[in-house]
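Line by line, the protein sequences are chains F and D. Residue 165 in our numbering sits at position 97 of the first sequence, and the numbers go up by one each step. Residue 158 in our numbering sits at position 90 of the second sequence, and the numbers go up by one each step. Where a beta carbon is used, it is the ideal one built from N, C-alpha and C, also for glycine. A quick write-up on the structure given underneath.
2 protein chains.
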Amino acid sequence: MNIDHLISEIHKKKSFLCIGLDVDLNKIPKHLLAEEDPIFAFNKAIIDATHHLAVAYKPNTAFYEACGLKGWNALEKTIQYLNENHPEIFTIADAKRGDIGNTSRMYAKAFLEDLGFDSVTVAPYMGKDSVEPFLAFEGKHTILLALTSNAGSSDFQVKMTEGNEVYKTVLETSKSWANSKNLMYVVGATKGDYFEEIRKIVPDSFLLVPGVGAQGGSLSEVCKYGMSKDVGLLVNSSRGIIYAANTRDFADAAATEAHKLQQQMETILDAR
Amino acid sequence: MNIDHLISEIHKKKSFLCIGLDVDLNKIPKHLLAEEDPIFAFNKAIIDATHHLAVAYKPNTAFYEACGLKGWNALEKTIQYLNENHPEIFTIADAKRGDIGNTSRMYAKAFLEDLGFDSVTVAPYMGKDSVEPFLAFEGKHTILLALTSNAGSSDFQVKMTEGNEVYKTVLETSKSWANSKNLMYVVGATKGDYFEEIRKIVPDSFLLVPGVGAQGGSLSEVCKYGMSKDVGLLVNSSRGIIYAANTRDFADAAATEAHKLQQQMETILDAR
Chain F
69 MNIDHLISEI HKKKSFLCIG LDVDLNKIPK HLLAEEDPIF AFNKAIIDAT HHLAVAYKPN
129 TAFYEACGLK GWNALEKTIQ YLNENHPEIF TIADAKRGDI GNTSRMYAKA FLEDLGFDSV
189 TVAPYMGKDS VEPFLAFEGK HTILLALTSN AGSSDFQVKM TEGNEVYKTV LETSKSWANS
249 KNLMYVVGAT KGDYFEEIRK IVPDSFLLVP GVGAQGGSLS EVCKYGMSKD VGLLVNSSRG
309 IIYAANTRDF ADAAATEAHK LQQQMETILD AR
Chain D
69 MNIDHLISEI HKKKSFLCIG LDVDLNKIPK HLLAEEDPIF AFNKAIIDAT HHLAVAYKPN
129 TAFYEACGLK GWNALEKTIQ YLNENHPEIF TIADAKRGDI GNTSRMYAKA FLEDLGFDSV
189 TVAPYMGKDS VEPFLAFEGK HTILLALTSN AGSSDFQVKM TEGNEVYKTV LETSKSWANS
249 KNLMYVVGAT KGDYFEEIRK IVPDSFLLVP GVGAQGGSLS EVCKYGMSKD VGLLVNSSRG
309 IIYAANTRDF ADAAATEAHK LQQQMETILD AR
């Protein structure tokens with residue numbers, strides 16, 4: 069999916085909500101465990117109930133890998149279901165991969181070509197040749213970890229490197245890589261005051277923002293400092309939406325929570 | 069597997085060789101493609117021919133994910149085959165994972181518990197709470213990326229942070245994490261002269277050293293500066309061994325290459 073299409077969906081739906089499909093068999097409603105594929109059944113119900121409120125879905129691969137072959141199969145079915153039924157949705161494989169060039173190419177092929185995601189999250193530690201193989205895919209997007217929402221982000225990401233914090237060096241350096249127009253960045257919402265700094269370096273790039281809700285980030289703060297002229301934000305909520313209830317009406321409960329966020333986003337978009 | 073067991077295997081086999089099982093269907097002998105599971109058939113033949121020469125095997129997950137469900141299945145069969153037939157072998161899932169705490173726990177469970185690897189490689193960018201869930205597994209090991217062997221390592225890893233290069237800050241900081249005794253580190257062999265510096269920070273830790281062979285690193289250089297009192301090195305070769313030939317006698321050719329490296333290692337160990 070190209071960026072213009074994503075921007076147009078944001079304006080149409082008045083939403084820049086991304087829903088994280090982090091499916092944990094210990095947390096989903098018990099009645100689904102009787103299904104042949106409980107993970108996919110859960111995802112399908114969530115997608116059916118919320119697709120008009122969100123512009124993106126983001127399965128985190130860890131939750132699928134933790135279920136082995138069945139998990140990988142459910143991931144395949146989920147992306148296939150999204151691509152067939154909701155081609156207007158932007159899909160993100162939250163995989164945080166990254167390896168030497170020929171190996172990154174394998175990951176890029178797996179997520180962007182074979183599985184058919186629109187984008188994949190990538191860790192920057194190994195530098196240029198570990199990221200460029202992802203960027204080479206035309207019409208696809210690479211979402212580079214810049215400043216994450218967890219406590220451990222203070223260990224290395226905000227350390228000063230030659231006059232700049234590591235995460236700023238990551239942002240700055242990545243702009244010189246081949247096909248950098250296909251870059252987006254992960255920026256944690258728990259760092260509201262960092263967004264202003266980040267926008268000085270990447271004024272137009274889309275930022276994937278986890279950490280609103282369960283992790284404590286504020287939507288209005290993020291929008292105040294993080295929004296670009298084309299919105300430029302995908303704000304993710306996972307647990308706050310998909311585990312809103314674990315009863316038979318879990319999908320309705322998820323839709324209610326997604327709707328609350330969408331309404332806040334609509335207010336913010338209308339006020340611009 | 070505990071470290072003492074690994075050290076004893078190194079002395080018994082006079083080898084600290086790790087063989088990288090980076091299986092690419094475009095590179096394996098054509099006759100294997102007729103097998104029901106070409107990837108596993110290839111791995112099994114390589115393992116059968118080389119297990120007396122190596123102390124560790126390291127499948128890189130990218131190559132398996134690039135084959136989807138079949139790839140994941142082949143990975144499961146490979147680790148199962150190793151665990152059942154060669155429990156003396158140290159197994160490494162080269163996955164380079166890392167995510168926020170509850171998500172890293174999923175990855176740790178997938179690789180260390182469900183698949184049953186002895187260790188997994190992890191990226192440090194997200195810091196302490198992204199790594200500690202891996203370290204929590206008793207008798208298992210977490211191999212943290214410190215200084216990698218690729219060109220992109222110069223982008224961030226060797227940048228100066230508050231008086232220290234990023235990779236040194238990673239080494240230093242990681243020593244304070246819970247269960248840091250379960251840490252090992254990835255250090256690329258193309259940086260022979262860095263090993264001396266690294267040993268000042270982690271004198272006893274095991275280092276997983278890729279980049280010997282295809283990537284141009286020198287074994288004698290690595291050993292001169294990187295060896296600890298308990299050897300403390302696992303030197304990996306992937307392409308140089310497993311793709312030594314792509315004819316019907318590919319496994320013999322792999323064994324010949326592995327034997328050459330083992331002989332060099334034996335000479336180095338005997339000279340200590």
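Does residue i come out as helix, strand or coil in the three-state DSSP assignment?
i                 : result
Tyr175 of chain D : helix
Lys126 of chain F : strand
Arg267 of chain D : helix
Ser76 of chain F  : helix
Phe158 of chain F : strand
Asn111 of chain D : helix
Met295 of chain F : coil
Ala326 of chain D : helix
Val280 of chain F : strand
Val254 of chain F : strand
Ala246 of chain D : coil
Lys164 of chain F : strand
Lys81 of chain D  : helix
Glu206 of chain D : coil
Asp92 of chain D  : coil
Ser288 of chain F : helix
Ala321 of chain F : helix
Asn218 of chain D : coil
Asn70 of chain F  : coil
Ala117 of chain D : helix
Ala375 of chain D : The question about residue 375 of chain D has no answer, for chain D in this structure spans 69 to 340.
May I ask which residues mark the beginning and end of the alpha helix (DSSP H) holding residue i?
i                 : result
Arg316 of chain F : Run containing Arg316 of chain F: none; DSSP gives neither H nor E here.
Asn153 of chain F : Gly136 to Asn153
Leu203 of chain D : Lys196 to Leu203
Leu239 of chain F : Val234 to Ser242
Ser222 of chain F : Ser221 to Phe224
Starting from residue i, find everything on chain D with Cβ-Cβ shorter than 7 Å and list it in chain order.
i                 : result
Pro192 of chain F : Tyr193 and Phe224
Val234 of chain F : Phe224, Thr229 and Val234
Asp298 of chain F : Those within 7 Å of Asp298 of chain F in chain D number zero; the least Cβ separation is about 28 Å.
Give me the residue from the options with the minimum Cα distance to residue i.
i                 : options                                   : result
Glu133 of chain D : F:Glu152, F:Val303 and F:Ser172           : F:Ser172
Thr258 of chain F : F:Cys291, F:Ser83 and F:Asn247            : F:Cys291
Ser306 of chain F : F:Trp140, F:Asp105, F:Ala142 and F:Asp162 : F:Asp162
Gly220 of chain D : F:Val234, F:Ile336, F:Glu200 and F:His120 : F:Glu200
Tyr293 of chain F : F:Asp261, F:Lys138 and F:Ile157           : F:Asp261
Ile266 of chain D : D:Leu183, D:Asn232, D:Asn314 and D:Gln330 : D:Asn232
Leu349 of chain D : D:Arg316, D:Phe179, D:Ala130 and D:Gln225 : For chain D, the structure presents residues 69 to 340; residue 349 of chain D sits outside this window and is missing.
Glu156 of chain D : D:Ile107, D:Cys135, D:Ile75 and D:Gln330  : D:Ile75
Glu289 of chain D : D:Gly300, D:Lys297, D:Glu264 and D:Ala312 : D:Glu264
Asp186 of chain D : D:Ala176, D:Ser242, D:Phe110 and D:Phe158 : D:Phe158
Tyr193 of chain F : D:Asn170, D:Leu287, D:Ala124 and D:Asn218 : D:Asn218
Asn153 of chain D : D:His120, D:Gly195 and D:Lys80            : D:His120
Ala323 of chain F : F:Pro278, F:Met228, F:Gly308 and F:Gly184 : F:Gly308
Leu89 of chain D  : D:Leu143, D:Gly166 and D:Cys135           : D:Leu143
Gly256 of chain D : D:Val226, D:Leu276 and D:Phe84            : D:Leu276
May I ask whether a heavy atom of the ligand HEM can be found less than 7 Å away from the beta carbon of residue i?
i                 : result
Pro201 of chain D : The model depicted lacks the ligand HEM and carries no ligand whatsoever.
Which chain F residues sit within Cβ distance under 7 Å of residue i?
i                 : result
Thr258 of chain D : The premise fails here: Thr258 of chain D is roughly 11 Å from chain F at the closest Cβ pair, so nothing lies under 7 Å.
Asp105 of chain D : The contacting residues do not exist; Asp105 of chain D stays about 13 Å from chain F at best.
Lys227 of chain D : Thr229, Glu230 and Thr237
Gly220 of chain D : Met194, Gly195, Lys196, Asp197 and Ser198
Give me whichever residues DSSP pairs with residue i in a beta bridge.
i                 : result
Thr189 of chain D : D:Ile211
Gly260 of chain F : None, per the DSSP bridge assignment.
Arg307 of chain D : DSSP, once it has assigned bridges, lists no residue as partnering Arg307 of chain D.
Met333 of chain D : DSSP output for Met333 of chain D lists no bridge partner at all.
Met228 of chain D : D:Glu233
Leu101 of chain D : According to DSSP, Leu101 of chain D bridges with nothing at all.
Leu183 of chain F : Paired residues: none, contrary to the question.
Leu301 of chain F : F:Leu275
By the criterion of Cβ-Cβ separation under 8 Å, what are the contact partners of residue i in chain D?
i                 : result
Phe131 of chain F : Thr171 and Met174
Arg165 of chain F : Ala130 and Lys164
Taking residue i as part of the beta strand (DSSP E), name the residues at either end of that continuous run.
i                : result
Leu85 of chain F : Leu85 to Leu89
List, in chain order, every chain F residue whose beta-carbon is nearer than 8 Å to that of residue i.
i                 : result
Asn141 of chain D : Leu137
Asp186 of chain D : What Asp186 of chain D touches in chain F: nothing, since even the nearest Cβ is about 18 Å away.
Leu213 of chain D : Tyr193 and Met194
Output, in chain order, the set of chain D residues within a Cβ distance shorter than 9 Å of residue i.
i                 : result
Glu144 of chain F : Gly136 and Leu137
Gly294 of chain F : Correct list: empty, because the minimum Cβ distance to chain D is about 19 Å.
Residues of chain F with CB under 9 Å from residue i, in chain order?
i                 : result
Ser305 of chain D : None at all; the shortest Cβ gap to chain F is about 14 Å.
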